[in-house]
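Novice:
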Amino acid sequence: MARARGDEKREPVTYDEFQKVLDTTPLFMRETPKDTGGDYVLEALKSLVFEGEGDEVAINFKNHGNELYAQKSYRDAIDAYTSGLDSGPADEALRVSLLNNRAACNIALRNMGAVLRDTSAIIALAAAKNKDPPSKALYRAAQALVSLERWAEARDAVARGRGLWSEGANQKVWDALAAQIEAGERRVSEREERARRTTITDAARKLAIATRGLIVANTSEPPDIPEPLHFDPAALVDAPLFPKEAAEAWVAPTAATPLIFPVFFLYPQYGQSDLVTHFHEETSFDDQLAPIFPATPTSTSPEWSPWDEKHEYYTNNLVVYVETVQRRLLKVGKEITLREVLAKAVKITDKGRDGVPLRDGLLSFVVLPKGKVEKEWIEDFKRVRDGESARR
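Just so you know, the working numbering puts 330 at position 226 of the sequence shown, and the rest follows in order with no gaps.
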């Protein structure tokens, strides 16, 4: 005949077995399970079967641990408190004190997982007795949870801890933790929102590049660009990253949102170049060349380039060319915008779609003085290009 459950013999429960149960039990258990089936360890939790003798030995270890803690010898103090627990003290308050003190050492060593193991044991034992957990255990658990960025659990610990403290100075420690939790949750929220916006913006930028007919070509060793291609900030709808209600006001850029390009102006006559870091696509080449070169032969501002000893490079005397992916050479109207230039370069040929290359996020344009230099450079370009085509 089957024996009644109350007549069944209980096996001794070790601390290690008890700890394994805690690892799978909610930290802030509001009440102990009523139906534990064959789990004798949970039964032990309910009845606090942490019995044993050796209170005097445990007290000695505790006192020694306290001395070591005061000396900041935290690892040795942990060993002392552990030895105290291993001695099997019968006094519940003594066991709780040893666990609490060991948790304090682990906080000092930033071993937050160990802190949670000890404080969860204390909290679970209190729950088994239908008592409030010791405030120190709650506080140290909250500290560990904050450090581990487990914000929801930390907030619960603080809320329960506040309920245990009377009004006054002690409330300040919980207020400080609550402020850390709020700041941590804000950081997480901002980080997630920033990542979300980055993903959306990157996709919009790729679409904008394709819409403009640019053909992306990346190399294995891209140059270091101070300011990569980006959307015009003035055309974007800004919104704070936090709180969520305010973040929802953010509007993603579209393919039509203006772009700002890094652009190389190449001067092959002298093997020189300039990097224009912010070439807004709605501005013209005249707009971008004006700050670099004088307007006329008699102008003194801006200064003449040191390599332009003949003073040929002034804006009224300059022409601009761009080479497409299929090596078509196009003359650029200096008075039209970059966006218009890119659109005019798009062409479907028997080789496929052609357009201006975007190499490593950069656009490149050749700048030459009108006349002989221009003519000779064009002839040389075509000779090289046609020679390469003939060899294919």
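Backbone N, C-alpha and C fix where the C-beta goes; we use that ideal spot for every residue, glycine too. Keep in mind that this is a model prediction, so the values were computed, not measured.
What does the Cβ neighbour count give for Leu422, buried or exposed, with the cut at 16 atoms within 10 Å?
Specialist: Position 318 of the sequence shown holds residue 422. Per the 10 Å Cβ criterion, buried.
Novice: Assign Ile226 to one of two classes, buried (16 or more other C-beta atoms within 10 Å of its C-beta) or exposed (fewer than that).
Specialist: The residue given as residue 226 occupies position 122 in the sequence shown. The residue is buried, with at least 16 neighbouring Cβ atoms inside 10 Å.
Novice: Are the Cβ atoms of Val471 and Leu379 separated by less than 8 Å?
Specialist: The sequence position of residue 471 within the sequence shown is 367, counting from 1. The sequence position of residue 379 within the sequence shown is 275, counting from 1. No, they are not a contact pair.
Novice: Output the distance between the C-alpha atoms of Ile396 and Ala258, rounded to the nearest integer angstrom.
Specialist: By one-based count along the sequence shown, residue 396 stands at place 292. By one-based count along the sequence shown, residue 258 stands at place 154. About 58 Å.
Novice: Just the C-alpha distance for Arg457 and Lys348, rounded to the nearest angstrom, thanks.
Specialist: The count along the sequence shown starts at 1 and reaches residue 457 at position 353. The count along the sequence shown starts at 1 and reaches residue 348 at position 244. Approximately 43 Å between the Cα atoms of the pair.
Novice: Measuring straight from C-alpha to C-alpha, what distance separates Gln376 and Ala338?
Specialist: If you number the sequence shown from 1, residue 376 lands on position 272. If you number the sequence shown from 1, residue 338 lands on position 234. Looking at the two C-alpha atoms, the distance is approximately 32 Å.
Novice: Ends of the beta strand (DSSP E) at Ser187?
Specialist: As a first step, residue 187 is located in the sequence shown; it is residue number 83 there, counting from the start. No beta strand (DSSP E) holds Ser187; the alpha helix (DSSP H) holding it covers 178-190.
Novice: At the level of alpha carbons, what is the spacing between Gly317 and Lys451?
Specialist: Translated into the one-based positions of the sequence shown, residue 317 becomes position 213. Translated into the one-based positions of the sequence shown, residue 451 becomes position 347. Cα-Cα distance, rounded: 9 Å.
Novice: Please report the distance separating the alpha-carbon of Asn322 from that of Pro366.
Specialist: Looking up residue 322 in the sequence shown gives position 218. Looking up residue 366 in the sequence shown gives position 262. Their backbone Cα atoms lie some 15 Å apart in a straight line.
Novice: So which of Ala232, Ser251, Asn234, Asp236 has the shortest CA-CA distance to Leu220?
Specialist: As a first step, residue 220 is located in the sequence shown; it is residue number 116 there, counting from the start. Looking at the Cα atoms, Ser251 is the closest of the given residues.
Novice: Does the beta carbon of Asp412 come closer than 8 Å to any beta carbon on chain C?
Specialist: Within the model displayed, chain C is absent; a lone protein chain is all it includes.
Novice: I need the boundaries of the alpha helix (DSSP H) containing Ser293, first residue and last residue.
Specialist: For this step, residue 293 is matched to residue 189 along the sequence shown. Start and end: 275-315.
Novice: Could you spell out where the alpha helix (DSSP H) holding Ser251 opens and where it closes?
Specialist: Mapped onto the sequence shown, residue 251 falls at position 147. Start and end: 239-251.
Novice: Out of Thr419, Pro357, Ala287, state which residue places its alpha-carbon closest to the alpha-carbon of Ala307.
Specialist: Residue numbering aside, residue 307 sits at position 203 when the sequence shown is read from its first letter. Nearest of Thr419, Pro357, Ala287 to Ala307, Cα basis: Pro357.
Novice: What does a CB cutoff of less than 8 Å around Thr441 pick up in its chain, not counting 5 residues either side in sequence?
Specialist: Taking the first residue of the sequence shown as position 1, residue 441 is located at position 337. Excluding positions up to five away in sequence, the list reads Glu385, Glu386, Thr387, Ser388.
Novice: Return the CA-CA distance between Arg463 and Val320, expressed in angstroms with no decimal places.
Specialist: Walking along the sequence shown from the start, residue 463 turns up at place 359. Walking along the sequence shown from the start, residue 320 turns up at place 216. Each residue's alpha carbon lies about 6 Å from the other.
Novice: Compute the Euclidean distance between the alpha carbons of Thr400 and Val429, then round it to the nearest angstrom.
Specialist: In the sequence shown, residue 400 corresponds to position 296, counting from 1. In the sequence shown, residue 429 corresponds to position 325, counting from 1. Looking at the two C-alpha atoms, the distance is approximately 34 Å.
Novice: Between the C-alpha atoms of Thr136 and Pro237, what's the straight-line distance to the nearest angstrom?
Specialist: One-based indexing of the sequence shown puts residue 136 at position 32. One-based indexing of the sequence shown puts residue 237 at position 133. For Thr136, the pLDDT reaches just 46, beneath the cut-off of 50, and the residue's location in the model is therefore unreliable, although a value from the coordinates is still provided. Near 14 Å, if we compare the C-alpha coordinates of Pro237 and Thr136.
Novice: Under a three-way DSSP split, which group does Ser324 fall into?
Specialist: The residue given as residue 324 occupies position 220 in the sequence shown. Coil, per DSSP.
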